[in-house]
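Right, one structure below, let's go through it.
In our numbering, the protein residues as written are 171 to 428.
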């Protein structure tokens with residue numbers, strides 16, 4: 171089991187939301203480091219991404235608890251245990267609170283808060299047995315601040331910070347760390363779709379959305395590359411980050427510095 175692995179030995183990682191963007195970059199990074207990776211995504215296109223990186227693939231709609239438990243079980247069946255869990259899967263819907271549909275609210279909370287909890291719960295016994303675990307939750311700058319039109323997304327991300335802190339406190343004695351990453355806008359398909367939604371909601375051109383909304387509060391005026399987030403995930407998933415837990419890591423272009 172993991173407890174007997176020497177520092178620097180490749181681990182078993184389960185990563186969610188891997189068909190593009192941050193998740194794809196994380197899978198690529200962890201595979202390049204020699205880890206055994208199970209990539210989990212609702213989209214079958216994730217299989218192509220996984221195979222190209224050298225990862226295994228498990229297709230699942232993580233809004234259901236059984237699917238979350240099945241994903242962890244598949245990782246254990248393939249590799250024997252789970253050492254690293256990266257909760258990245260997410261969706262977005264931009265709408266005012268008044269107009270926000272209940273089914274969309276519930277789906278976002280199920281995928282982005284309940285699923286990380288259930289995946290963590292299922293992987294926990296294997297990390298505890300191995301006395302080594304790394305949980306990295308991809309939150310958002312919107313786990314720190316709010317913006318109009320994103321009630322469900324922001325609620326889920328704020329909740330994810332609380333879940334991360336609780337996991338850090340409960341996991342310390344078992345060598346399990348839990349941290350959250352809080353990036354600002356990353357150049358991903360999810361963000362690209364938000365640009366169109368924001369343009370519609372605010373009556374702007376799409377380039378105006380990038381300049382006047384997405385980068386308005388940023389000291390560095392550009393979108394973040396997914397590889398920049400993946401590099402920080404790789405550090406937090408490493409032996410070197412064993413003393414780092416319960417933290418929220420802002421990678422936000424200076425957004426929250428003001």
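By construction, the Cβ of each residue, glycine as well, lies at the ideal position given by its N, Cα and C atoms. Keep in mind it's a predicted model, so treat the numbers as computed, not measured.
- DSSP places residue 326 inside the alpha helix (DSSP H), whose first and last residues are 321-341.
- If you draw a straight line from the Cα of residue 405 to the Cα of residue 196, it is about 11 Å long.
- Taking 7 Å as the cut-off, the Cβ atoms of residue 301 and residue 344 count as close.
- Under the three-state reduction of DSSP output, residue 275 falls in the helix class.
- For residue 211, no alpha helix (DSSP H) encloses it; the enclosing beta strand (DSSP E) starts and ends at 206-211.
- When secondary structure is reduced to three states using DSSP, residue 268 falls in the coil class, being assigned neither helix nor strand.
- Ranking 305, 353, 361, 356 by CA distance to the CA of residue 334 puts 305 first.
- When only Cα atoms are considered, residue 227 and residue 237 end up about 14 Å apart.
- When DSSP states are grouped into helix, strand and coil, residue 232 belongs to the coil group.
- In the DSSP assignment, residue 307 forms a beta bridge with 257, 350.
- According to the DSSP assignment, residue 363 belongs to the alpha helix (DSSP H) that extends over 359-372.
- CA-to-CA, the gap between residue 314 and residue 182 works out to about 30 Å.
- Around residue 359, the same chain offers 190, 191 as residues with beta carbons nearer than 8 Å, after the five sequence neighbours per side are excluded.
- If you look at residue 285, you'll find it in the alpha helix (DSSP H) that goes 285-300.
- Less than 7 Å divides the Cβ of residue 233 from the Cβ of residue 281.
- When the beta-carbon positions are compared, residue 242 and residue 293 come within less than 7 Å of each other.
- With distances taken between CA atoms, residue 285 lies nearest to 259 out of 259, 263, 299, 295.
- Buried is the label assigned to residue 368, since at least 16 other Cβ atoms lie within 10 Å of its Cβ.
- Closest in alpha carbon position to residue 193, among 422, 307, 266, is 307.
- In the three-state DSSP reduction, residue 281 falls in the helix class (H, G or I).
- Residue 310 and residue 295 have their alpha carbons spaced roughly 27 Å apart.
- Minimum Cα-Cα distance from residue 249 among the listed residues 218, 420, 398, 205 corresponds to 205.
- A check of alpha carbon separations from residue 400 across 418, 342, 256, 327 identifies 256 as the nearest.
- Residue 184 sits in a strand when the DSSP states are folded into three classes.
- With distances taken between CA atoms, residue 346 lies nearest to 297 out of 297, 411, 370.
- Of the residues assessed, residue 222 falls on the exposed side of the cut-off, its CB having fewer than 16 other CB atoms within 10 angstroms.
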